[in-house]
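Here the structure is laid out as structure tokens; the discussion comes afterwards.
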Amino acid sequence: MAEVSYFTKDGLEKLKEELQRLKTTGRSDISKAIAEARDKGDLSENAEYDAAKEAQGLHEAKIAQMQETLANARLLDESKLDVSKVLALSIVKIKNLKNGTTMSYQLVAESEADMKAGKISVTSPIAKGLLGKKVGETTEITVPAGVIEFEILEINR
1 MAEVSYFTKD GLEKLKEELQ RLKTTGRSDI SKAIAEARDK GDLSENAEYD AAKEAQGLHE
61 AKIAQMQETL ANARLLDESK LDVSKVLALS IVKIKNLKNG TTMSYQLVAE SEADMKAGKI
121 SVTSPIAKGL LGKKVGETTE ITVPAGVIEF EILEINR
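Written out as structure tokens, the structure reads:
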């Protein structure tokens, strides 16, 4: 059974746009590459043709994976989400109790994660450690650098 993914409205739109781009211009570009390679002669010794066919297979696999993700996507209505505890789409301000630094993250679907924009996947170790917690609670989260204790300062949408 496929895994359900939760998306924001913008994230779902980006997924649909990317899928449409892959189905149209992406397929067209690969068809051209295969045709060009085929025009170069003997297919049995044509590395370009083999590479283009392999790229086509990878491209189709990516389309299939995105279609499955889209079929199992659920749109979250942010206005109806509980702000008393950390959930998907929460914007959480946390404080590292070891060094005193504060940071803010939004917990999003894996495909929407962008560390530079402060968006982390709900499947990441930090997000898993924060889910279900309330303002004022502390939690110990195991990250690659070891165990870090965080305090939840704010929860927003």
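For the sequence shown, position 133 matches number 133 in full-length UniProt numbering, and the numbering has no gaps at all.
We treat Cβ as the ideally placed atom computed from N, Cα and C, and that holds for glycine.
{"Check": "Beta-carbon proximity of A47 to A33, cut-off 7 Å", "Outcome": "no"}
{"Check": "8 Å Cβ shell around L89 - same chain, five flanking residues per side excluded", "Outcome": "Y6, T8, L76, E78, L81, Q106, L107, V108, R157"}
{"Check": "CB contact flag (L153, K93, <7 Å)", "Outcome": "yes"}
{"Check": "Presumed contact (8 Å Cβ cut-off) between L15 and V86, rounded CB distance", "Outcome": "L15 to V86, Cβ: 24 Å. No contact."}
{"Check": "Any C-beta of chain C under 7 Å from that of K85", "Outcome": "The chain labelled as chain C is not found in the depicted structure, where only one protein chain is given."}
{"Check": "Distance between beta carbons of M66 and L12, contact taken as under 8 Å", "Outcome": "L12 to M66, Cβ: 12 Å. No contact."}
{"Check": "N112 to S84 span [Cα, whole Å]", "Outcome": "Per the sequence shown, the amino acid found at residue 112 is Glu instead of Asn. If you take the alpha carbons of E112 and S84, they lie about 23 Å apart."}
{"Check": "Nearest to S31 (by Cα), restricted to the options H59, S121, I148", "Outcome": "H59"}
{"Check": "Cβ distance (whole Å) where L97 is taken to contact K62 below 8 Å", "Outcome": "That belief does not hold up - the Cβ atoms of L97 and K62 are roughly 41 Å apart, past 8 Å."}
{"Check": "Reduced DSSP secondary structure (H/G/I, E/B, other) of residue 158", "Outcome": "Outside the displayed range of the chain (1 to 157) lies residue 158, so it cannot be described from this structure."}
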